[in-house]
Structures are given as structure tokens and as C-alpha cells.
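For the sequence shown, UniProt numbering assigns the number 1 to the initial residue and increments by one for each residue that follows.
Each residue gets a CB set at the ideal place from its N, CA and C atoms; glycine is no exception.
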Amino acid sequence: MSNVSSGRTLSEWGLEPAVDYIERVQRADGLIPWYPDGPADPWDHVESAMGLSVAGRSEAARRAYRWVADAQHDDGALWATYGEADADEGAHAGDEPRKETHRSAYVAVGAWHHYRCTGDRDFLAALWPTVRDALAFACRQQAATGEIYWTVGPDGEAYEDALVAGCASLYKSLACGAAIAGVLGYPDARERWLEARTRLGEAIRSRPDRFDRTWESKSRYAMDWFYPVLCGVVTGDAARQRLEAGLDRFLEGGLGCRCVADEPWVTVAESCELVLSLAAVGETERAREIYEWCFQWTDDEGVFWTGYQFADEEYWPGDRPTWTGGAAVLAADALSGLSGAADLFMEEITDI
């Protein structure tokens with residue numbers, strides 16, 4: 001019997017080991033590294049925390065968001081990555097420290113998600129300054145043409161180019177921030193973020209010339225294909241057509257979603273996020289089928305590997321990222337309604 005068709009709880013699906021792993025890897029200060037003693041980044045940290053929220057591990061999730069509040073800089077940003085040895089480094093593996101807009105702003109999605117899971121308004125109010133300042137940082141990097149620049153360097157200067165997937169994520173962050181502002185009674189912030197979201201959406205849909213201007217196009221990455229659907233930038237028939245147009249290129253039957261179109265590598269996180277995207281446009285049966293495939297890529301404990309390199313027939317890389325488990329839990333939630341946030345990636349702005 002398939003994991004998806006029979007399962008209505010995390011344990012019935014065998015997802016409890018993935019959640020246990022996230023909580024086990026979480027540090028005492030709340031940060032969730034990619035794997036034990038590994039690096040971390042704010043976006044994947046939040047995705048892992050969202051998995052904890054769905055699973056009812058509310059205290060662990062709250063500690064994760066407290067880490068974001070504690071780590072946030074005065075300008076509202078966080079470092080793009082946090083090194084293996086020292087969480088204040090701001091970089092790992094020789095990267096130059098930088099502050100990426102979509103990574104800093106994703107706390108808004110996590111905060112709204114946790115509130116939807118728990119109804120904890122006190123949590124939402126306590127995290128409001130963090131959300132407010134993170135979105136303010138992102139909006140200061142918005143160009144006149146609507147796109148939001150990718151990153152700010154250590155000198156405080158924006159790198160004036162934009163990523164499709166990163167901006168789609170920001171579009172969702174602005175929507176969730178507006179929802180939070182509505183609940184807490186900050187109408188000015190709500191309207192400001194909705195206006196920024198409108199301009200950003202127009203740029204993503206209508207101004208491809210504003211993206212990937214100074215580097216090679218990222219269109220070979222699956223995230224560029226489905227993130228505008230996942231995050232609500234493209235909806236309805238246009239969203240269904242967009243997904244259908246990319247399936248032959250990115251979907252490997254029986255295995256999952258390729259991370260990169262021209263590489264023989266499927267990844268569990270991309271597969272689960274594609275499941276979320278398909279569910280958002282009503283393609284539930286196809287979403288369920290793809291989700292089933294993901295369960296073959298677990299270790300003996302039931303924890304997900306990053307992915308599978310099918311030309312070499314090996315798990316590659318040999319890591320078990322926490323955020324992959326988080327994505328798997330979010331996909332299960334979207335398919336079966338495990339939490340009050342199950343439709344987070346199906347919300348229209350009129351619902352917020």
C-alpha cells in the first residue's frame with residue numbers, strides 16, 4: 001500500500017524519523033544546520049522549522065524563530081550562510097559574507113505558517129519586529145522596474161541583478177507579511193507590502209529582461225520553472241500550462257524532479273516542492289504519484305538523502321539535509337491537510 005494513499009498522519013507515512021532528525025540536529029540556540037555540525041542558511045532553517053510546526057513540535061519551532069530574531073542585524077537582514085565552525089562568520093567554504101534578500105525575508109512565511117498551525121497570536125506579535133525589519137530590508141532593494149535585487153554585499157551595496165526563484169520566494173514572503181500585518185493591526189505595513197508584491201509580480205511575469213542580466217541564465221534549474229507557481233506569482237490556467245510545459249524537461253519518471261535539467265540527478269526537496277506546486281493548481285493525483293517516489297530515497301532510519309544520481313546509481317551528495325525532511329512534511333501536509341497551514345501555498349491574496 002502506498003505511503004500517500006493510505007497515510008493520514010506523519011507516522012503512518014513514515015515521516016516521524018525525518019522530523020526527529022530535524023529536531024536532533026537543531027542546536028541549543030535554535031539554529032537548524034543542514035546536517036549535524038554543518039553549515040546553515042536562514043531560508044532552509046525556516047523550511048526545517050515549518051516541518052517542525054506541522055509535526056506539532058511547537059517549542060522546537062519557536063526556538064528556531066527565536067534564533068532568527070536573535071541573529072537578525074540592525075538593517076533587518078541575516079547573513080546568507082552561517083559557517084560550520086562559528087555561526088557568526090556569515091560565510092562558509094570561503095564565500096564572501098553577503099545578505100541575500102530572499103533568505104532574510106523568508107521568516108515572514110515561517111511566522112505566518114507557524115501561526116496557521118498553532119493559532120498562537122502571542123508568538124506572532126513577538127516575532128513582528130523581526131518580520132517587519134526583514135521585509136523592510138528586502139523592499140529597500142526593490143528596483144524601480146519591480147524586481148528585488150538578489151543580495152547586499154559586506155559593503156552595504158546591492159548587487160543589481162535578480163533571480164526568478166528568489167524573487168518568487170520574496171513574493172510569497174510579502175504576502176505572508178501582509179497577512180501578519182492584517183492580523184496584528186498594522187494596515188500601513190500591509191498596504192506597503194502588497195504594493196511591493198504587485199510590482200514584483202509584474203516584473204516576474206512580464207519583464208524577463210530584468211533577471212539573470214549579469215550571470216548565466218538559471219532557467220536550467222527546476223526552481224526557476226516551478227517557483228513562480230509554488231509562490232503564487234502565476235496562477236490558474238497559466239500556472240497549469242507552465243508546469244505542463246516543463247514536465248518533460250525536469251521530471252524523471254519513477255525517480256523524481258531533476259534539480260538541473262541537464263544533470264542526471266533528482267532531489268527530494270525539488271520533488272516535494274514540485275508536489276506542492278502541482279497541488280496548488282489542482283493536479284493532486286499527479287502530485288501524489290510524484291510524492292510516492294520520494295520515499296525510495298531514505299536511509300535505513302527513514303531520513304531522506306539529498307537525492308539520487310541515476311547515471312552513477314548512487315545517492316549524491318551523501319548528506320541528509322534537514323530542509324529536505326521539512327519539504328517532505330510540507331508536501332504531505334498539502335496533500336492530506338495535517339495542519340491548519342496545509343493550504344499555505346494554495347492561498348490567493350484575497351484570502352489573506
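Rounded straight-line distance, which links the Cα of residue j to that of residue i
i: A168; j: Y227; result: 6 Å
i: A93; j: A40; result: Caution is warranted here: a pLDDT of 45 is assigned to A93, below 50, making its placement in the model unreliable, and the coordinate value is therefore given only provisionally. Roughly 12 Å between the two C-alpha positions.
i: V229; j: S277; result: 6 Å
i: S336; j: G156; result: 44 Å
i: I180; j: E313; result: 45 Å
i: A69; j: A311; result: 43 Å
i: V131; j: G110; result: 10 Å
i: S11; j: P154; result: 44 Å
i: A280; j: L247; result: 16 Å
i: D237; j: D212; result: 26 Å
Reference residue i; option with closest CA among the options
i: K218; options: G110, G30, L163; result: L163
i: P36; options: R116, P264, T322, R210; result: T322
i: P208; options: A261, T145, G185, A158; result: T145
i: A18; options: W43, P33, E301; result: E301
i: D224; options: F250, R199, A158; result: F250
i: P129; options: T151, S206, A77; result: A77
i: W297; options: D319, R288, G340; result: D319
Buried/exposed call for residue i, threshold 16 Cβ in 10 Å
i: G254; result: exposed
i: S271; result: buried
i: G326; result: buried
i: E23; result: buried
i: R258; result: buried
i: T81; result: buried
i: S206; result: exposed
Whether residue i touches residue j by CB criterion (9 Å)
i: A328; j: V266; result: no
i: S104; j: Q72; result: yes
i: A203; j: W193; result: no
i: R63; j: Q26; result: yes
i: Y291; j: W305; result: no
i: D343; j: V54; result: no
i: T214; j: E160; result: yes
i: L274; j: A222; result: yes
i: W67; j: D29; result: yes
Opposing strand residues paired with residue i [DSSP bridges]
i: G182; result: According to DSSP, which records beta bridges pairwise, G182 is partnered with nothing at all.
i: I148; result: Q142
i: K99; result: V152
i: D227; result: Per the sequence presented here, residue 227 reads as Tyr, with Asp not at that position. Partner(s): none; Y227 has no beta bridge.
i: T298; result: F304
i: residue 356; result: Nothing about residue 356 can be read from this structure; the chain reaches only from 1 to 352.
i: Y159; result: T151
i: L135; result: In DSSP, L135 forms no bridge with anything.
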